[in-house]
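Numbering follows the working numbering, with no gaps: position 88 of the sequence shown is 97.
Heads up: the structure comes next, in structure tokens.
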Amino acid sequence: MIRFIFVALFLFLYLILGIPVYLILRLICKINKKAGDYASLRLVQWAFRVILKISGTEITVLGEENVPDEAVLFVGNHRSYFDILLTYSRCKHLTGYVAKKEMLKYPLLRDWMKALYCLFLDRDNVREGLKTILQAIDYVKEGISICIFPEGTRNTGDELSLLPFKGGALKIAEKSGCAIIPLSLNNTIEIFEAHLPRIKKTHVIIEYGAPIYPKDLDRETRKHLDTYVSDIIRETIRKNAALV
């Protein structure tokens, strides 16, 4: 329970004390957008690493060399709020995450997310959902990577299971021409969600798969791209289960 208290306190202080920092970074962006964006990225990554340290999370990372030095679409399985901290803290370049629209209810947090190119998906409105995907495609074309968890929600089932992927998410790669990087996460639910409200010292595995360029796949595989990518992630988390 002590870890949860320290994490909550750090997050609260970061959001409150970070208000003037946020305003300064927005000012820097008006003068030099790239410098301001990267300063925001590195600051948030620092905060996430502090939270992971407080949480006692031990991380084994595999295949990070597979991520090309270009904008990509990260596609991962999703079992914990900590999935965002674990993966975002490792992004070398600007990366926006696709989050549920409900995150817009949280002041300060939503402002940081917007500044970091996060998008807010309305899962109940097809038209608004399409707009979000189109914006993500534009971001990729501008050199900003996107990370999405196509299961649509956190999977609370068996550790080695995946919920069906929402195929529309992969249109980001198909329409922009970028690579898909399968992102496989093991044991992240054990950090927090498996025993709320306690945060436990946990060993997690992150593996970055080889890049997949949809244009290089045969027609039949492209037609079932969501299944193809989810199968790769499923096989990887099963393989890595023995490493936890």
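Positions of the beta carbon are idealized from the N, C-alpha and C atoms, including for glycine.
### Query
So, is Tyr97 buried or exposed, given that buried needs 16 or more other C-beta atoms within 10 angstroms?
buried
### Query
To the nearest angstrom, how far is it from the Cα of Arg136 to the Cα of Lys180?
15 Å
### Query
Based on the DSSP secondary-structure assignment, which residues constitute the bridge partners of Asn195?
Ile214
### Message
Assuming contact is defined by CB atoms lying nearer than 8 Å, are Pro220 and Ile190 in contact in what I supplied?
### Response
yes
### Task
With a floor of 4 residues, list each alpha helix (DSSP H) that falls wholly inside the stretch 41 to 91, ordered by position along the chain.
42 to 64
### Query
What is the rounded straight-line gap between the Cα of Gly65 and the Cα of Glu199?
12 Å
### Query
Does the distance from the CB of Leu130 to the CB of Thr141 come in under 8 Å?
yes
### Message
Threshold first: 3 residues or longer. Then list the beta strand (DSSP E) segments lying entirely within the stretch 158 to 188, N to C.
### Response
none
### Task
Could you name the residues of the same chain whose beta carbon sits closer than 6 Å to that of Gly152, not counting the 5 residues immediately before and after it, in chain order?
Ala80
### Task
Ignore the nearest five residues each way along the sequence and tell me which others in Ile28's own chain have a CB closer than 8 Å to its CB.
Leu117
### C-beta contact flag for Ile60 and Phe21 at 8 Å
no
### Query
Are Leu194 and Asp92 touching if we call contact CB-CB under 8 Å?
yes
### For Leu36, the nearest candidate out of Glu183, Cys100, Ser49 (CA to CA)
Ser49
### Message
Is it buried or exposed, Arg90, if we count other Cβ atoms within 10 angstroms and call 16 or more buried?
### Response
For clarity, residue 90 is Tyr in the given sequence; the question names Arg instead. Exposed: under 16 other Cβ atoms inside 10 Å.
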